[in-house]
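**Q** Protein chains in written order, with the numbering used here: chain A, 823 to 1114; chain B, 2 to 166.
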Amino acid sequence: MRSAAFDYVRAGSVAEALVALADDRETRVLAGGQSLVPMMALRLARPEVLVDITRCPELQSCSLEESVLRIGAAVPDAVLERDPDIRAAHPLLVRTLSLIAHEEIRARGTLCGSLAHADPAAELPALLLATDGEVEVDGPGGPRRVPAAEFFDGPFTAALDDGEMVVAARLPVPGPAVGWAVDEIARRPGDFALAGAVCTVELDSSGRCSGVGVALFGVSSTPVRSRGAEEVLMGQQVDEAVLDAAAAASLDGVDVLGDEVHAPAAYRRDAGRALVRRTLAAAVRSAGGGTA
Amino acid sequence: MTGQPVPVTLRVNGRREVGRVEPRVTLAEFLREELGLTGTHVGCEQGVCGACTVVVDGAAVRSCLMFAVQAEGCDVETVEGLGRDGLHPLQQAFWDAQAVQCGFCTPGFLMTALVALRERTDWDRTALRERLGGNLCRCTGYEPIVDAVLAAAEAARNPGGEAAR
Ligand SMILES: Cc1cc2nc3c(=O)[nH]c(=O)nc-3n(C[C@H](O)[C@H](O)[C@H](O)COP(=O)(O)OP(=O)(O)OC[C@H]3O[C@@H](n4cnc5c(N)ncnc54)[C@H](O)[C@@H]3O)c2cc1C
Ligand code: FES
Ligand code: FES
């Protein structure tokens, strides 16, 4: 179906975009359009004004500042994946991007768009959450930074006020001593995940876990940190028994989705635990821990 | 009134096109209805089937998920741009491998494969299957399509060889 009628603003700068977003009518940012355009075609979204931010020069670049990768809101996923500096600096990001849809979608879809869209089954919000990233927001109240833990308010709901937009994402780059892994279960490669997990693990010189971040996607109504698994791992010499215990505790305090068309709740629980175990084992291995 | 037509200028298969479109008109619709380029097919209108795939500034993208106004100043390639003097080698490979049945999916596969072969010609079967995995075909069972693209890749690697005929 055709979308409902809307006016189109091609913003030439963030300042112009913010003026356009302050319109009294219902406005929306248009980035890659890979989630918004289908929603408009299905009339699930009927914005009256679309503000295209992809031509704003300030939003088109990425930079590495003190082990934080800053990604502008107009940078498509496919550009990130191909950038040799990003491939070297943040292989976990590159691996995560490869799990999203197919190349033709990633050619236009943006990382910041995925964060703003806040699909509970999306990979990138979980990556931001597991690595304690931040979102740079600008709007009528001026620029601010929102930690990942405060950004995902609910299913398809990000903590953005009226007239605000995301200008960049700040992803801490895992250091050389940090192991990482991301994995998901989907019906076919490229489909949305039925469940997924992303984690980073840091081991100290004696092989004990000195830092860990685990986030689940597709399991709850928002991406969610697995504090249960993190608590089990922290400070431990990681072996098979610790990994089993971490997986067993991984859904403690997590509000798992109920039965729905894609999978029953029991399946999601099993899948979530299995993925936490699998990704933690892989992360410990890549951090140089031999036992897993 | 919301949604009044706005001007758009873009290049399609090397030709400059100037139009006025309602912002809600997708690139797929613009190509088909305004320019009469009906080779770009529209299936799901949600980005899932790949039938509408065209090449914009060198990247294969879904023309159902782009408004025509977003293509302002862009260089668009559609299936009509392939093989203007006889069949393009990729089209010939589809013909030879019997990779076309009803043909609904074919333009999308051709444009996806075109970009894949520009990226590299040393595809192995597994990687190529994944690369083409965003396009759906209800008829062929995919194998002949993968065969066709692999044959075209081989021909591109060895221009004088057997596969190039
Ligand atoms: C076939 C298909 C398969 C897909 N599979 C996956 C998948 O497996 N995993 C996955 O994560 N995603 C998937 N997606 C979604 C895709 O990754 C989207 O590109 C992404 O979720 C949104 O990015 P975008 O730039 O396209 O945003 P848009 O579609 O332009 O916008 C999405 C929403 O975010 C808002 N928005 C965008 N940018 C900003 C900003 N800078 N500031 C404020 N608000 C903003 C928009 O207003 C809109 O509400 C799939 C999409 C398709 C069509
Ligand atoms: S019509 Fe565009 S992907 Fe199906
Ligand atoms: S040939 Fe009929 S859909 Fe592919």
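Yeah, the Cβ is synthetic: ideal placement off N, Cα and C, and Gly gets one too.
Just so we're clear, the structure is a prediction, and the values are computed from it rather than from any experiment.
Got a sec: which bits of the segment 1011-1023 of chain A sit with their beta carbon under 7 Å from any beta carbon on chain B, in order along the chain?
**A** P1011 and G1012
**Q** At a threshold of 7 Å, does B:V147 count as lining ligand 3 (C-beta to nearest heavy atom)?
**A** Incorrect: B:V147 has no Cβ contact closer than 7 Å to ligand 3.
**Q** On the CB-based measure, 16 or more other CB atoms within 10 Å of its CB, does B:Q99 come out buried or exposed?
**A** exposed
**Q** Tell me whether A:E838 sits in a helix, a strand or coil according to DSSP, three-state version.
**A** helix
**Q** Return the chain-ordered ranges of every alpha helix (DSSP H) run that is complete within the segment 906-941 of chain A and spans a minimum of 4 residues.
**A** As for any alpha helix (DSSP H) of minimum length 4 sitting wholly inside the segment 906-941 of chain A, the runs are 906-911, 913-920, 925-928 and 933-939, ordered along the chain.
**Q** Below 8 Å CB to CB, which residues in the same chain sit around A:T849 once its five sequence neighbours on both sides are set aside?
**A** A842, L843, P869, E870, V871, L872, V873 and G985
**Q** Using a Cβ-Cβ cutoff of less than 7 Å, which residues in the same chain neighbour B:H89 once the five nearest sequence positions on both sides are dropped?
**A** L83
**Q** Using DSSP with H/G/I as helix, E/B as strand and the rest coil, what is A:A833?
**A** coil
**Q** Should B:G59 be counted as a contact of ligand 2 given a C-beta to heavy atom distance under 7 Å?
**A** no
**Q** Going by the C-beta, is A:L858 closer than 7 Å to any heavy atom of ligand 4?
**A** Among the ligands present in this structure, namely ligand 1, ligand 2 and ligand 3, ligand 4 is not found.
**Q** Using 8 Å as the threshold, is the C-beta distance between A:L1055 and A:A991 below it?
**A** no
**Q** Name the chain A residues that come within less than 9 Å of B:R132, Cβ to Cβ?
**A** By Cβ distance, chain A contributes H924 and E925.
**Q** In whole angstroms, what separates the C-alpha of A:A944 from that of B:G87?
**A** Using only the alpha carbons, I get a separation of about 44 Å.
**Q** Examine ligand 3 and report whether any of its heavy atoms sits within less than 7 Å of the Cβ of B:T107.
**A** yes
**Q** Tell me the start and end of each unbroken alpha helix (DSSP H) in the segment 38-98 of chain B that is at least 4 residues and wholly inside, in chain order.
**A** 90-97
**Q** Give the single residue among A:G1050, A:D1074 and A:G1029 whose Cα lies nearest to the Cα of A:Q1058.
**A** The option with the nearest alpha carbon to A:Q1058 is A:G1029.
**Q** When the cut-off is 8 Å and only beta carbons count, does A:Q856 lie next to chain B?
**A** yes
**Q** Looking at the secondary structure, which residues open and close the alpha helix (DSSP H) in which B:F110 lies?
**A** T107 to E120
**Q** So which residues of chain B does A:Y1089 contact, with C-beta pairs closer than 8 Å?
**A** Correct list: empty, because the minimum Cβ distance to chain B is about 23 Å.
**Q** Look up B:T1 in the DSSP assignment and say whether it is helix, strand or coil.
**A** With chain B covering only 2 through 166, there is no way to say anything about residue 1 of chain B.
**Q** So who's on the other strand from B:V7, going by DSSP bridges?
**A** DSSP output for B:V7 lists B:V22 as bridge partner(s).
**Q** Compute the Euclidean distance between the alpha carbons of A:R877 and B:A69, then round it to the nearest angstrom.
**A** 15 Å
**Q** When you compare only the Cα positions, how much space is there between B:G15 and A:A1109?
**A** 51 Å
**Q** Is there at least one non-hydrogen atom of ligand 3 closer than 7 Å to the beta-carbon of B:R139?
**A** yes
**Q** Sort out for me which residues DSSP pairs A:V1017 with in a bridge.
**A** Per the sequence shown, residue 1017 of chain A should be read as Ala rather than Val. The partner list for A:A1017 (beta bridge, DSSP) reads A:I1007.
**Q** Using the Cβ count rule (16 or more neighbours within 10 Å means buried), how would you classify A:A837?
**A** Residue burial is scored here from C-beta neighbours: A:A837 has fewer than 16 other C-beta atoms within 10 angstroms and is therefore classed as exposed.
**Q** Nearest-angstrom Cα distance between B:A117 and B:E78?
**A** 14 Å
**Q** Around the C-beta of B:L11, are 16 or more other C-beta atoms found within 10 angstroms, so that it is buried, or is it exposed?
**A** buried
**Q** CA-CA distance, A:A853 and A:G1018?
**A** 25 Å
**Q** Which of the three DSSP states is assigned to A:V897 in this structure?
**A** Per DSSP, reduced to three states, the secondary structure at A:V897 is coil, with no helix or strand assignment.
**Q** On a Cα-Cα basis, can you pick out the residue from A:P1011, A:S835 and A:E1024 that is closest to A:G997?
**A** A:E1024
**Q** Go ahead and label B:E30 buried or exposed: buried means 16 or more other beta carbons lie within 10 angstroms of its beta carbon, across all protein chains shown.
**A** It counts as buried.
**Q** Taking B:V62 and A:E926 to be in contact with their CB atoms under 8 Å, please state how far apart those CB atoms are, rounded to whole angstroms.
**A** 6 Å
**Q** Tell me which residues share the same chain as B:R166 and place their Cβ nearer than 6 Å to its Cβ, disregarding the 5 neighbours each side in the sequence.
**A** The predicted model places B:R166 with a pLDDT of 46, which falls under 50 and marks its position as unreliable; any figure quoted below should be read in that light. Taken in chain order, the list of residues that qualify is empty.
**Q** CB-CB under 7 Å to A:D975, same chain, minus the five flanking residues each way: which ones, in chain order?
**A** A981
**Q** Out of A:A1103, A:A1069, A:T1101 and A:R930, which one is the CA nearest neighbour of A:R1091?
**A** A:A1069
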